[in-house]
Amino acid sequence: MAAGPRGRLLLVALVSAAAVVAGALLPGCAAAAAAGEKVPLALYYETLCPYCSRFIVNHLAGIFEDGIVDAVDLRLVPYGNAHVVGANNTISCQHGSEECFLNTVEACAIDAWPDLRVHFRFIYCVEDLVVNHKQREWESCFGKLNLDPKPVTDCYKGERGHQQLSLKYGRQTDALQPPHKYVPWVVVDGQPLYEDYENFEAYICKAYKGHPPKVCEGLARPPTPTVLEVAEAGNRVSYYDSGDIRLKPDEDGHAKIKKVVPDDDD
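Taking mature numbering (1 follows the signal peptide of the UniProt record, and there is no 0), I'd label the letters of the sequence shown as residues -23 to -1, 1 to 243.
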């Protein structure tokens, strides 16, 4: 038998009263939910930087295995130490035109597959090839992962890849405060980790206000690196310094890329 209007009002009143009592008995419930927000984690990188590729393959990928991924909002920004030259939005990359092209490919993958677990798998596959000096086999990642290549191909061959995505990531990188000095440049909860980027999980555990992933129990608080450790870490980055940038020329000797689409016969 359906309850009448007075019965429904009584039911609502009882439920409301119960909620108030529960809130009084468990004052931390609402706060815990709000405090459980994911920690922003951003990686600013370039595709052919050996330190970036090794970080992605050997360190960042671990968040999907140890549960840290559930506590973070990961954002990948494939641009690195590149910069725009001239009035026609030409992009110059630290490791030459091949890097500019792969930066755009990975930007297109992020755009084509917004799901982190999908586009990260593709980027991991490409960067693993970079680690093994087989980056020219990057298209094999579509088949390995059973992914449709069309959305990525259409993106990097069209204007969206370069004119929209690559330049957008360039603006985001250039807007960093403090400015990035090298790559990989890892930012946790708005704070750059500088040379201590490989210890990023400890910073995430410290910043996360919810129930920490189990792996956090075994992670010490972020240490203060020694002078020797800082010096050694300096050998694991590619500096953003015009005196240190060495562009790898392509076949005709040009390091700057005027279009990010390779010729059809490449």
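Backbone N, C-alpha and C define an ideal beta-carbon position, used for all residues, glycine too.
With residue i as the anchor, note down where its alpha helix (DSSP H) starts and where it stops.
| i | result |
| --- | --- |
| alanine 84 | 74 to 89 |
| leucine 53 | Segment 49 to 55 is the beta strand (DSSP E) holding leucine 53; no alpha helix (DSSP H) there. |
| valine 95 | 93 to 108 |
| tyrosine 185 | Run containing tyrosine 185: none; DSSP gives neither H nor E here. |
| glutamate 175 | Taken as a continuous stretch (DSSP letters only), glutamate 175 belongs to no alpha helix (DSSP H), as it is neither H nor E. |
Ignore the nearest five residues each way along the sequence and tell me which others in residue i's own chain have a CB closer than 7 Å to its CB.
| i | result |
| --- | --- |
| isoleucine 45 | Glu178, Ile181, Pro190 and Val192 |
| histidine 60 | Ser69 |
| lysine 121 | Cys102 |
| tryptophan 162 | Tyr21 and Pro169 |
| serine 215 | Cys26, Tyr28, Asn58, Gln71, Tyr159 and Val160 |
| glutamate 83 | Thr24, Pro55, Ile100 and Val103 |
| proline 128 | Ala89 |
Which residue or residues does DSSP assign as beta-bridge partners of residue i?
| i | result |
| --- | --- |
| tyrosine 113 | Rather than tyrosine, the amino acid found at residue 113 in this sequence is arginine. DSSP, once it has assigned bridges, lists no residue as partnering arginine 113. |
| glycine 216 | Here residue 216 is tyrosine; the residue named in the question, glycine, does not match the sequence. The partner list for tyrosine 216 (beta bridge, DSSP) reads Tyr159. |
Since residue i is in the beta strand (DSSP E), which residue starts that stretch and which ends it?
| i | result |
| --- | --- |
| serine 69 | 67 to 69 |
| histidine 60 | 60 to 62 |
| valine 34 | Run containing valine 34: none in the beta strand (DSSP E); it sits in the alpha helix (DSSP H), 27 to 35. |
| valine 165 | 162 to 165 |
Is DSSP giving residue i helix, strand or coil here?
| i | result |
| --- | --- |
| alanine 19 | strand |
| glutamine 140 | helix |
| proline 156 | coil |
| proline 190 | coil |
| tyrosine 180 | helix |
| proline 169 | strand |
| glutamate 14 | coil |
| threonine 130 | helix |
| threonine 24 | coil |
| residue 265 | Since the first residue shown for the chain is -23 and the last is 243, residue 265 is missing from the structure and cannot be characterised. |
| glycine 147 | helix |
Who are the near neighbours of residue i in its chain, counting only those whose CB is closer than 8 Å to its CB and skipping five residues on each side?
| i | result |
| --- | --- |
| glycine 39 | Ile45 and Glu178 |
For chain B, find out if any of its Cβ atoms is closer than 9 Å to the Cβ of residue i; answer yes or no.
| i | result |
| --- | --- |
| tyrosine 21 | Note that chain B does not occur in the displayed structure, where there is just one protein chain. |
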